[in-house]
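Residue numbers (the working numbering): 105 to 783. Below is one structure, written out as structure tokens; the observations come after it.
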């Protein structure tokens, strides 16, 4: 009745009456129905039931997560996208009791080294039906005679024990760790399920220097509450030798077993596999010889589920019911993959539309201004006003284009911190555009007073032509900022733990990386506001004959080098370099404080008159940014030699998330998401 089938067509529903249930229920027998369904026959109603079962029985978010204490949710749409990719050979086994879904398991199959792999991608049993062997029965019905190797990633020790007993006919303490250590990477790299394919293995089985206590597992970097699996782990350890090690936060166990030979008698003697009682028996080791499983040395045969494996990567947030995330295949090959996400595309769209409309308005103002200018007047005060509007237009073009690049970089890297920074920067542009209305009006008035406009053009007439557009620009930016703030909140939910980039299971390590990300984002915005101040100063204020003009121009490449060095020294944890950079930051801080004072000195007031307000705004913002940058630099330096460097440098070598095109930032690849299998 429970023998594995080849599963070429879907198996018909199978029913049995649990003996243990009969003893508890008496005459009222509870009938369990097990149904195996192929990928193409899985209906939306089935997925809705599965999603509901998951949401109500999976667990809650752990300490320190954005949704601490709330249930981990999954939608039917995300379930189909994440567990049933079009390029995969997937199966679904569901257990019902009196018509109600009480448990299910999703599996995926692929080939490796002429062996068929069967991987459990989700296993969930209703809370009220745990401890009754339902999980083991689900796994039995998921088996096929053609399967050679079984695998599972789970944070629950009982699920691992059930898998070892059901698939390998062995107790958990007898699984072959050598086989896992030697072949797990090669097996998982062939998976059509993206989170399995990109899993980052952890534990002493793969790295003898691993000090977490884990032996065989993966680093999810995702903090689902582990209270129940830790209690289960203690129960197992009270009576048996647990081979997979301790379970650090943000990790899952990795178990791979060879299938028992066809026809091999099960040590359970035909029972339903209640591993909570029987997994401690001495079962024979699987009869597969280790020599039979060597690394592939031939061209991989054509196999449906191995095609187009890089077309699908939704990450943990999507699989667990958070807002849909953008497909993130390979950044190197798909730098615009984020537009597949609704909210990422919306954020880029709002930013782009804002830039187009505001630049169109500003260009019209510039054209009207230029065509209304009369004979050149040599007075310094008039000369500075001549340059005001062209300078504003130049700064606007640079500002909006730079913002678009920053937005693109933030969205492709799923960097919520940088997205929030863009919203704040947009507020600064709002202040700048509001200030320019008064400054341009003053420039037109001064030019009119000195007869610097065309003969038939008065300052009042020219102002009436441009006032509406100048007033509309801050209103447009204000509306765009509100939209961007709302979308940023949606992106925060969508990206979930990509905010912290999943660099490890240690929450303190994530905090270190958070400070690193904030520091890098500050460097990017430092560059914009510094350059904005310099452009206005050089064009409007400084005289070409003044030595300060040449020195100010020279500061631009020097500043770029300093900012790049700041990122480099932080990533490399170079303390002498960081100290030098912070000294230079203090020098920059002194320069901007000096300039801010000079703007209002009576002896220099006229030189700065045309752009006094905007220069003041840029100087104040730059001073605040430099102070924040220095503070974060100190924090980052205090985190040196605490393990972050290895993650940052290792991430650069990972093909899936190269950062060669990132702006001064080498981010960390989002790692394997977590699923807690329950029984």
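Backbone N, C-alpha and C fix where the C-beta goes; we use that ideal spot for every residue, glycine too.
- In the assembly as shown, residue 626 is a buried residue. Its beta-carbon has 16 or more other beta-carbons within 10 Å.
- Distance from the Cα of residue 585 is smallest, within the candidate group 525, 280, 571, for 525.
- Sorting 154, 632, 717 by C-alpha distance to the C-alpha of residue 204 places 154 at the top.
- With fewer than 16 neighbouring CB atoms inside 10 Å of its own CB, residue 698 falls in the exposed class.
- According to the DSSP assignment, residue 319 belongs to no alpha helix (DSSP H), since it is labelled neither H nor E.
- The C-alpha of residue 182 is placed about 53 Å away from the C-alpha of residue 695.
- In this structure, the straight-line span from the alpha carbon of residue 513 to that of residue 139 is close to 46 Å.
- Looking at the DSSP output, residue 323 shares a beta bridge with 355.
- For residue 207, the enclosing beta strand (DSSP E) starts and ends at 204-216.
- Contact check between the region 315-324 and the region 354-361: three or more CB pairs, one atom from each, fall below 8 Å, which counts as touching.
- Boundaries of the beta strand (DSSP E) around residue 136: 135-142.
- Taking 8 Å as the cut-off, the beta carbon of residue 629 is found closer than this to the beta carbon of residue 729.
- In the DSSP assignment, residue 593 falls within the alpha helix (DSSP H) that extends over 563-599.
- In this model, residue 547 and residue 557 are separated by some 11 Å (Cα to Cα).
- In the assembly as shown, residue 195 is a buried residue. Its beta-carbon has 16 or more other beta-carbons within 10 Å.
- Counting only runs of at least 4 residues, the region 452-490 fully encloses the following alpha helix (DSSP H) elements, listed from N- to C-terminal order: 484-490.
- Contact between residue 578 and residue 534 holds, since their C-beta atoms are separated by about 6 Å, short of 8 Å.
- In this structure, DSSP gives residue 258 an extended state, which the three-state scheme calls strand.
- Across the set 559, 613, 531, 470, the C-alpha of 613 shows the shortest separation from the C-alpha of residue 752.
- Nearest neighbour of residue 458 by Cα position, chosen from 581, 681, 254, 576, turns out to be 581.
- Ranked by Cα distance from residue 467, the options 452, 445, 493 are led by 493.
- Here residue 725 is buried: its Cβ has 16 or more other Cβ atoms, across all protein chains shown, within 10 Å.
- In the DSSP secondary-structure assignment, residue 201 is bridged to 136, 204.
- Residue 223: member of the beta strand (DSSP E) spanning 219-229, first to last residue.
- With distances taken between CA atoms, residue 303 lies nearest to 326 out of 315, 220, 326, 316.
- Minimum Cα-Cα distance from residue 537 among the listed residues 519, 305, 509, 571 corresponds to 571.
- Residue 527 is a Cβ neighbour of residue 592, given a cutoff of 8 Å.
- In this model, residue 281 and residue 214 are separated by some 22 Å (Cα to Cα).
- Residue pairing by DSSP places residue 349 opposite 318 in a beta bridge.
- Taking the Cβ atoms as the reference, residue 157 lies roughly 16 Å from residue 260, outside the contact range of under 8 Å.
- With contacts defined as CB atoms closer than 8 Å, residue 188 and residue 146 qualify as a contacting pair.
- Annotation: the continuous alpha helix (DSSP H) that includes residue 506 extends over 492-516.
- Inclusion of residue 465 and residue 564 in the CB contact set at 8 Å is not warranted, their separation being larger than that value.
- Beta bridge pairing from DSSP links residue 626 with no other residue.
- If you draw a straight line from the Cα of residue 702 to the Cα of residue 708, it is about 7 Å long.
- Around residue 233, the same chain offers 206 as residues with beta carbons nearer than 6 Å, after the five sequence neighbours per side are excluded.
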